[in-house]
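Asker:
Numbering (UniProt numbering), first residue to last: 1 to 306.
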């Protein structure tokens with residue numbers, strides 16, 4: 001996908017034995033969501049340069065109604081290998097000309113403990129901070145997240161998650177979320193969700209249910225270069241429900257990847273990426289979205305170099 005943030009590390013890390021860990025609770029619907037197009041608006045040029053196997057920088061110029069300006073990004077990947085395609089620590093961040101900065105640090109301590117720290121600075125002030133701490137084994141992932149914790153006014157968000165592998169194909173999990181603060185009705189708001197995921201080589205189905213909401217996703221790999229995704233979300237408190245169907249098609253010989261989706265709000269979206277050269281790292285991206293009922297839409301064009 002074309003993004004204004006960070007990209008993959010410059011060089012592939014060393015290999016390691018595959019893990020049987022079920023992953024994080026937040027990744028339950030990831031296979032289906034990876035099929036969906038990431039729509040952008042306006043013009044975007046991204047230049048990515050790997051300075052070494054461990055360090056990469058990026059330069060991004062955006063021209064759009066929502067955001068116009070330049071952003072500089074950097075990514076550092078350490079040499080401690082913990083799994084296939086996983087090396088730690090990982091430090092990445094980006095900043096614009098006004099000093100608005102986002103930063104993320106990921107590190108794994110030994111084979112089982114992992115932490116992720118994120119911070120965002122806007123207009124010289126800390127706009128948000130979040131820390132996640134996980135324990136990962138072959139059978140489960142257990143983690144807690146603290147977000148925007150303020151001990152002065154007793155506010156913040158606390159999340160506890162647990163995802164366990166029951167069989168080679170079936171995972172189950174539970175999540176507890178508590179948002180608290182003086183502005184919350186009653187002082188706090190809590191939600192408990194339960195989830196399950198069934199995985200096969202060609203399809204993955206996942207569902208998460210709480211008292212007021214349901215989230216279902218389905219991923220299906222039809223062929224080597226063709227995949228489909230379906231996502232259903234319903235929220236009783238907001239009184240809405242949306243179903244989205246998407247597909248991803250690839251033409252490897254032409255260097256083309258196309259993602260498109262349509263939902264029950266009559267929103268149609270699509271993103272096409274075309275590699276312009278077999279020898280040079282130039283990729284053209286075209287993005288479009290149209291909502292037929294609201295007569296609203298947006299179009300984007302981007303160029304990725306690197």
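Glycine included, each C-beta is placed from N, C-alpha and C at the ideal position. Predicted, not measured: the structure shown is a model, and the values here were computed from it.
How should residue 289 be labelled, buried or exposed, when 16 other C-beta atoms within 10 angstroms of its C-beta is the threshold for buried?
Answerer: buried
Asker: Count the other CB atoms, across all protein chains shown, that sit within 10 Å of the CB of residue 166; report buried if there are 16 or more and exposed otherwise.
Answerer: exposed
Asker: Are at least three pairs of beta-carbons, each pair with one atom in the stretch 121-139 and one in the stretch 96-113, less than 8 Å apart?
Answerer: yes
Asker: Taking all protein chains shown into account, do 16 or more other C-beta atoms lie within 10 angstroms of the C-beta of residue 236, making it buried, or fewer, making it exposed?
Answerer: exposed
Asker: Among the residues of its own chain, which have a CB less than 7 Å from the CB of residue 139, if the five just before and after it don't count?
Answerer: 164 and 165
Asker: Among 24, 27 and 39, which residue has its Cα nearest to the Cα of residue 267?
Answerer: 39
Asker: Hey, out of 81, 66 and 118, whose CA is closest to residue 105's CA?
Answerer: 118
Asker: Quick check on this structure: which residue in 162, 171, 55 and 154 has the alpha carbon closest to the alpha carbon of residue 183?
Answerer: 154
Asker: Could you pull out every residue in the same chain whose Cβ sits closer than 7 Å to the Cβ of residue 69, ignoring the five residues on either side in sequence?
Answerer: 62, 96 and 97
Asker: Measuring alpha carbon to alpha carbon, tell me which of 300, 241 and 252 ends up nearest residue 269.
Answerer: 300
Asker: So who's on the other strand from residue 44, going by DSSP bridges?
Answerer: 62 and 302
Asker: Okay, do the stretch 220-232 and the stretch 40-49 touch, 3+ Cβ pairs below 8 Å being the bar?
Answerer: No, because fewer than three Cβ pairs between the stretch 220-232 and the stretch 40-49 fall closer than 8 Å, the two stretches do not touch.
Asker: Give the DSSP bridge partners of residue 77, in chain order.
Answerer: 90
Asker: What's the call for residue 248, buried or exposed, on a 16-neighbour Cβ count within 10 Å?
Answerer: Under this definition residue 248 is a buried residue.
Asker: From residue 87 to residue 179, what distance separates their C-alpha atoms?
Answerer: 33 Å
Asker: When DSSP labels each residue in this structure, what does residue 6 get in the three-state scheme?
Answerer: Low confidence applies here, because residue 6 scores a pLDDT of 38, under 50, leaving its location unreliable; read the following figure in that light. Coil, per DSSP.
Asker: Based on Cα-Cα distance, which residue from 274, 191 and 295 lies nearest to residue 304?
Answerer: Across the set 274, 191 and 295, the C-alpha of 274 shows the shortest separation from the C-alpha of residue 304.
Asker: Are the C-beta of residue 279 and some C-beta of chain C separated by less than 7 Å?
Answerer: Protein chain content of the structure displayed is limited to a single chain, and chain C is not contained in it.
Asker: Only counting runs of 3 or more residues, tell me where the beta strand (DSSP E) segments fall wholly within the stretch 89-170, in order along the chain.
Answerer: 101-109, 113-122, 125-136, 140-150 and 155-165
Asker: Return the bridge partner residues of residue 286 from the DSSP annotation.
Answerer: The beta-bridge partner set that DSSP reports for residue 286 consists of 272 and 301.
Asker: Measuring only the C-alpha atoms, how far is residue 217 from residue 250?
Answerer: 22 Å
Asker: Look at the Cβ atom of residue 208, then the Cβ atom of residue 190, and state whether they are nearer than 7 Å.
Answerer: no
Asker: Go through its chain and collect everything with a Cβ distance to residue 264's Cβ below 6 Å, but skip five positions before and after it.
Answerer: 242 and 243
Asker: Determine the direct distance from the alpha carbon of residue 65 to that of residue 5, and round the result to whole angstroms.
Answerer: Because the pLDDT at residue 5 is just 40, under 50, the model does not fix this residue reliably, and the point stays unresolved.
Asker: Could you give the DSSP three-state label for residue 1: helix, strand or coil?
Answerer: The pLDDT assigned to residue 1 is 41, lower than 50, so where the model puts this residue is not dependable, and the model offers no usable value.
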